[in-house]
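Peer 1:
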Amino acid sequence: MKSNNDKREKSEQKYGRRTFVKKALFSIASLLVPGFLAARETKQKENAAAILAGGYNPYEHHWGMGIDIGKCIGCGRCVEACKEENNVPREPFFFRTWVERYRVLENGETVVDSPNGAINGFDDKSLDEPVVRSFFVPKLCNHCDNPPCVQVCPVGATFKSPDGVVLVDPSYCIGCRYCIQACPYGARFLHPETRTAEKCTFCYHRITRGLLPACVEACPTQARLFGELHKKANPLQRFLRMNKVAILKPDLNTEPKVFYTNFDMEVS
Amino acid sequence: MNFPDEIKRIRAFWNRFPEQVKRLSIALVIFIVVLIPVRNMLVPPGFGDLGHYRAASLQENSAQNIHYAGRTVCIDCHDDIVSVNKKGYHRDVACETCHGPSAAHVDDPDGNSLRVPRDRGYCPLCHEYISSRPTGFPQIVSASHNPLEPCITCHNPHDPVPPETPKECRACHAEIARTKSVSYHVHVECVRCHDTPEEHKLDPRAVRPSKPMTREFCGGCHSEDAPATNGISRIDMETHEPRYVCWQCHYPHLPEAR
Numbered sequence: 041m042k043s044n045n046d047k048r049e050k051s052e053q054k055y056g057r058r059t060f061v062k063k064a065l066f067s068i069a070s071l072l073v074p075g076f077l078a079a080r081e082t083k084q085k086e087n088a089a090a091i092l093a094g095g096y097n098p099y100e101h102h103w104g105m106g107i108d109i110g111k112c113i114g115c116g117r118c119v120e121a122c123k124e125e126n127n128v129p130r131e132p133f134f135f136r137t138w139v140e141r142y143r144v145l146e147n148g149e150t151v152v153d154s155p156n157g158a159i160n161g162f163d164d165k166s167l168d169e170p171v172v173r174s175f176f177v178p179k180l181c182n183h184c185d186n187p188p189c190v191q192v193c194p195v196g197a198t199f200k201s202p203d204g205v206v207l208v209d210p211s212y213c214i215g216c217r218y219c220i221q222a223c224p225y226g227a228r229f230l231h232p233e234t235r236t237a238e239k240c241t242f243c244y245h246r247i248t249r250g251l252l253p254a255c256v257e258a259c260p261t262q263a264r265l266f267g268e269l270h271k272k273a274n275p276l277q278r279f280l281r282m283n284k285v286a287i288l289k290p291d292l293n294t295e296p297k298v299f300y301t302n303f304d305m306e307v308s
Numbered sequence: 003m004n005f006p007d008e009i010k011r012i013r014a015f016w017n018r019f020p021e022q023v024k025r026l027s028i029a030l031v032i033f034i035v036v037l038i039p040v041r042n043m044l045v046p047p048g049f050g051d052l053g054h055y056r057a058a059s060l061q062e063n064s065a066q067n068i069h070y071a072g073r074t075v076c077i078d079c080h081d082d083i084v085s086v087n088k089k090g091y092h093r094d095v096a097c098e099t100c101h102g103p104s105a106a107h108v109d110d111p112d113g114n115s116l117r118v119p120r121d122r123g124y125c126p127l128c129h130e131y132i133s134s135r136p137t138g139f140p141q142i143v144s145a146s147h148n149p150l151e152p153c154i155t156c157h158n159p160h161d162p163v164p165p166e167t168p169k170e171c172r173a174c175h176a177e178i179a180r181t182k183s184v185s186y187h188v189h190v191e192c193v194r195c196h197d198t199p200e201e202h203k204l205d206p207r208a209v210r211p212s213k214p215m216t217r218e219f220c221g222g223c224h225s226e227d228a229p230a231t232n233g234i235s236r237i238d239m240e241t242h243e244p245r246y247v248c249w250q251c252h253y254p255h256l257p258e259a260r
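Line by line, the protein sequences are chains A and B.
FYI, in this note's numbering the residues of the first sequence are 41 to 308.
FYI, in this note's numbering the residues of the second sequence are 3 to 260.
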């Protein structure tokens, strides 16, 4: 009897609680650690693959634009600069950015016009009905954080880059125009020569080299501001802190990264 | 191990499945074997590395050429103009806003000159009066603001300030200046007839310019013996309506009017 008990104690000691916990922890760790390492490695590889020729790492940035409607004078220099910088066709229906004039009439109606995208400015031809208030609104791709154009692209030719800019891959675009239909802001067009979708890129070739987008560069009244959304010390953060900002069509849940201030309810 | 036996066993295992399963599985194997190389061929390299797109597209998008050099490079050569511009009202207007894209000019300053908008049509892009423009932004109505005169005659675009005398008279007295601009008196400067103290610019109603008071003032040019050029019409001061002063009949800003 006694010898039997001894045996049981011995075997219990051999596979005791301490041993069990030890072994369990060790096996869980040995299962998880390679997974963690592999995940870290792929992330690093991803990051490394994304770094551009000039040493620009898209994972370290998150771009956005601020527009002060109260400062816009409707001169159209941004439209001109955009077309020059990005070789946008000169015909009056191809724009990466354009300026709209809103005129709210006494009878409550709103008249919106944008002659040739405002590339030659506006004239002051009056309307039949008296105007109660009026202002200019520069428009461009909103670089949505939740972009409908990217969702509908059947081939993955338009995408949100790691730094939040919505781009088009022209060598992969099949020109089906789904994205043009899907964009609620009308910011896209089909390039007449390449037959691929085109849009504002926040001047990706400039911002990746540390320059400002051409429209921001050319704006004479600083109505446009460009900067980082995830870094504290930069002009856009200050713009967002100091102003009451609004976005276009917030009900669509597209989460635009172009922010407006001195915004009127009539703007859409 | 007996090789034929092994084959027999595999065959027996295979025959245990129903016919349709056997056929479908063969089709499935062929499908997979074909699909993998075809997919590799069709999906471009780098697709899916960063997301549902070609990773190389980021690099391609950023490879585009720059046309606008940016507002910091101009000072390297044009420090004289930039130092003037920095203190003026146009300090926040980038050089390239008016002079256009300058990257090519920066690379080869002699080969590529920039545009210089000197004509009257350019400045009104920003400064023409449009009711939609924000209140307080300096605007003019170019139809009545010194018509046909290029803006740069009075305003230095690098440091725009209200213009100097005597051209500045028309800034306020545009109606008179316009009338005078089509009259024989077009080249007679305002201050020739009106002594204008400098304070008139600051407080126009309290400090007023002078007006000619006598016939003899006009006679300074228009009398028969006046030291003036021959083209000027002359009168005999003794016989030409001696009881009246000149401006009772002649409007000095448009003397040919009757």
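Positions of the beta carbon are idealized from the N, C-alpha and C atoms, including for glycine.
So Glu125 of chain A contacts chain B; which residues on that side make the cut at Cβ distance below 7 Å?
Peer 2: His69, Tyr70 and Pro103
Peer 1: Name the chain B residues whose beta carbon is nearer than 9 Å to that of Gly196 of chain A?
Peer 2: Phe49, Gly50, Gly53, His54, Tyr55 and Arg56
Peer 1: Determine contact between the region 144 to 154 of chain A and the region 192 to 209 of chain A, defined as no fewer than three beta-carbon pairs at a distance below 8 Å.
Peer 2: No, because fewer than three Cβ pairs between the region 144 to 154 of chain A and the region 192 to 209 of chain A fall closer than 8 Å, the two stretches do not touch.
Peer 1: Does the region 119 to 126 of chain A come within contact of the region 246 to 265 of chain A, defined as at least 3 CB pairs closer than 8 Å?
Peer 2: Three or more beta-carbon pairs separated by less than 8 Å link the region 119 to 126 of chain A to the region 246 to 265 of chain A, which places the two stretches in contact.
Peer 1: So that I know if they touch, is there some Cβ in chain A lying closer than 8 Å to that of Ala96 of chain B?
Peer 2: yes
Peer 1: Give the interface partners of Tyr300 of chain A over in chain B, defined as CB-CB distance under 9 Å, in chain order.
Peer 2: For Tyr300 of chain A, no chain B residue has a Cβ inside 9 Å of its Cβ, as the nearest lies near 14 Å away.
Peer 1: Please look up how many angstroms separate the CB atoms of Lys293 of chain A and Ile109 of chain A, rounded, as I've assumed it's under 8 Å.
Peer 2: Going by the sequence as given, residue 293 of chain A is Asn instead of Lys. Rounded, the Cβ-Cβ distance is 23 Å, inconsistent with contact.
Peer 1: If contact means a Cβ-Cβ distance below 8 Å, which residues of the region 111 to 143 of chain B contact chain A?
Peer 2: Pro126, Leu127, Cys128, Glu130, Tyr131, Ile132, Ser133, Ser134, Arg135, Pro136 and Phe139
Peer 1: If you follow the beta strand (DSSP E) that Gly267 of chain A is part of, which residue opens it and which one closes it?
Peer 2: Arg264 to Glu268
Peer 1: Using a Cβ-Cβ cutoff of less than 6 Å, which residues in the same chain neighbour Glu238 of chain A once the five nearest sequence positions on both sides are dropped?
Peer 2: Phe229 and His231
Peer 1: Going by the beta-carbon positions, is the gap between Tyr244 of chain A and Leu288 of chain A smaller than 8 Å?
Peer 2: Against a cut-off of 8 Å, the Cβ pair of Leu288 of chain A and Tyr244 of chain A comes out as no contact.
Peer 1: Using a cut-off of 7 Å between C-beta atoms, extract the partners of Ile113 of chain A located in chain B.
Peer 2: Cys128, Arg135, Pro136 and Phe139
Peer 1: Can you have a look at Gln141 of chain B and say buried or exposed, based on whether 16 or more other CB atoms are within 10 angstroms of its CB?
Peer 2: buried
Peer 1: From this set, A:Ala93, A:Gly114, A:Tyr99 and A:Val172, which residue's C-alpha is nearest Leu52 of chain B's C-alpha?
Peer 2: A:Tyr99
Peer 1: Determine, using beta carbons only, whether Leu288 of chain A comes closer than 8 Å to chain B.
Peer 2: no
Peer 1: Could you say which of A:Pro290, A:Met305, A:Val285 and A:Glu295 lies nearest to Ile107 of chain A if we only look at CA atoms?
Peer 2: A:Val285
Peer 1: Can you tell me whether Tyr218 of chain A is helix, strand or coil according to DSSP?
Peer 2: helix
Peer 1: Would you call the region 204 to 223 of chain B and the region 239 to 258 of chain B touching, i.e. three or more CB-CB distances under 8 Å?
Peer 2: yes
Peer 1: Measure the alpha-carbon distance for Pro254 of chain B versus Ser174 of chain A and round it to whole angstroms.
Peer 2: 43 Å
Peer 1: Could you check whether the Cβ of Asp304 of chain A sits closer than 8 Å to any Cβ belonging to chain B?
Peer 2: no
Peer 1: Looking only at its own chain, which residues have a Cβ that is under 7 Å from the Cβ of Pro260 of chain A, when we skip the five neighbours before and after it?
Peer 2: Cys115 and Arg117
Peer 1: Pull out every residue of the region 134 to 153 of chain A whose Cβ sits closer than 9 Å to any Cβ of chain B, in chain order.
Peer 2: Arg141, Tyr142 and Arg143
Peer 1: Where Tyr212 of chain A and Asp153 of chain A are concerned, what is the direct C-alpha to C-alpha distance, given to the nearest angstrom?
Peer 2: 35 Å
Peer 1: Under DSSP, the beta strand (DSSP E) around Ile178 of chain B begins and ends at which residues?
Peer 2: Careful: Ile178 of chain B lies outside any beta strand (DSSP E), inside the alpha helix (DSSP H) at Ala176 to Ser183.
Peer 1: Is the region 154 to 164 of chain A close to the region 128 to 136 of chain B, with three or more CB pairs under 8 Å?
Peer 2: Counting C-beta pairs closer than 8 Å gives three or more between the region 154 to 164 of chain A and the region 128 to 136 of chain B, which meets the contact rule.
Peer 1: Secondary structure at Val23 of chain B, three-state DSSP: helix, strand or coil?
Peer 2: helix
Peer 1: Measure the alpha-carbon distance for Cys171 of chain B versus Asn148 of chain B and round it to whole angstroms.
Peer 2: 11 Å
Peer 1: Can you check whether the C-beta of Thr167 of chain B is within less than 8 Å of a C-beta belonging to chain A?
Peer 2: With a pLDDT of 48 at Thr167 of chain B, under the threshold of 50, the modelled position of that residue is not reliable, and no figure is offered here.
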